[in-house]
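Following: one structure in structure tokens, then a few remarks.
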Ligand SMILES: [Fe+2]
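Numbering (our numbering), first residue to last: 62 to 409.
Put into structure tokens, the structure is as follows:
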């Protein structure tokens, strides 16, 4: 496995690049906006293709690199389903898996620091965000933090992992880089409490100042979404209402860009073709599946995904491939469902 821990000294943030092989797909956890050039350089040097960028939670101390990485690499942005960030391409929940070539992260919902805090487990290591830090825990006094929930996330989820599991947090301010579950159980001063009530009172008495960047970072991180208005101006967006009216029309080819697991969980649209987003460029090339189907049938391609992010990027990819009239459903299946559109069971 390729594994890189990168540090932003301004915010004390750790970001992680993971891949299974040189020349393969990569994933990044908790990227920082100011470091995006550095990540892109490293990805080039290691010959990696960034396909997914994940935030453990909505950060209050730095601006996320998710939006910039999406714009630069066309990767899929991911956060938990509770997040208040306006649009992320894929929202995950406890028990889901985030997969890239040769690697998979188990998604664990570990609220407490915020109500959208997640941890990700892969092989011998767990990425704990700000839920569990090295000899510390993330504060619980804003962003719907809840010390009781955090106690549960730590004691009943994270500390139940094998003792030797490596702990990689989102921050460290002392220079530590990695710990283990066993080490934290024994030596983390915040975890030497007798009960959940002890933990709640300990967290209530920390009296920490607000993070310096909070007033900038929180609003900025709620607006990482791709601006879909540009496509609407070009006539390449259908609102959910307009899309519902197109259902079953012989001149429209609906294309579902989501992963099989998302289709199985949330359903799909009647008659939609499945063409997963990561392979969209190949599919749009001359000789590619979508290109051929569109040419053979003369139908207009209308992409959709979960929230309209991947489909907006697919419209751009189609334009670059010479299919100027491909469109997408603004707001994705989420908007479609909210507008009362019918959904059929999606075969995985
Ligand atoms: Fe945080």
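Idealized CB from N, CA, C, for every residue including glycine. From a predicted model like this one, the values you see are computed outputs, not experimental measurements.
Query: Taking the straight line between their C-alpha atoms, what separation do you get for residue 324 and residue 406?; Result: 8 Å
Query: Could you tell me which of 310, 373, 222 sits nearest to residue 359, measuring between CA atoms?; Result: 310
Query: Could you spell out the range, first to last residue, of the beta strand (DSSP E) harbouring residue 245?; Result: Unbroken run through residue 245 is the alpha helix (DSSP H), 242 to 248; no beta strand (DSSP E).
Query: Using the rule of at least 16 other Cβ atoms within 10 Å of the residue's Cβ for burial, across every protein chain shown, is residue 211 buried or exposed?; Result: buried
Query: Please return the same chain residues whose Cβ sits closer than 7 Å to the Cβ of residue 395, not counting the five positions on each side in sequence.; Result: 367, 368
Query: Using the Cβ count rule (16 or more neighbours within 10 Å means buried), how would you classify residue 295?; Result: exposed
Query: Is the number of C-beta pairs between the stretch 124 to 134 and the stretch 282 to 291 that are closer than 8 Å three or more?; Result: yes
Query: Assign residue 303 to one of three DSSP states: helix, strand, or coil.; Result: helix
Query: Going straight from the alpha carbon of residue 386 to that of residue 362, what length do you get?; Result: 8 Å
Query: Buried or exposed: residue 188, going by 16 or more other Cβ atoms within 10 Å of its Cβ?; Result: buried
Query: Could you name the residues that DSSP lists as bridge partners for residue 113?; Result: 88, 137
Query: Is residue 120 near ligand 1, going by C-beta to nearest heavy atom under 6 Å?; Result: yes
Query: Can you find the residues in the same chain that come closer than 8 Å, C-beta to C-beta, to residue 267, ignoring five residues on each side of it along the sequence?; Result: 200, 202
Query: Can you grab the Cα-Cα spacing for the pair residue 330 / residue 302, in whole Å?; Result: 14 Å
Query: Taking the beta strand (DSSP E) that residue 165 falls in, what are its first and last residues?; Result: 164 to 170
Query: To the nearest angstrom, how far is the alpha carbon of residue 133 from that of residue 253?; Result: 44 Å
Query: Please find out if some non-hydrogen atom of ligand 1 comes closer than 6 Å to the beta-carbon of residue 258.; Result: no
Query: Tell me the DSSP secondary structure of residue 81 in three-state form.; Result: coil
Query: Which residue from 209, 219, 172 puts its Cα closest to that of residue 185?; Result: 219
Query: At a cut-off of 6 Å, is residue 157 close to ligand 1 when judged by its beta-carbon and the heavy atoms of the ligand?; Result: no
Query: How far does the alpha helix (DSSP H) with residue 345 in it reach, from first residue to last?; Result: 341 to 345
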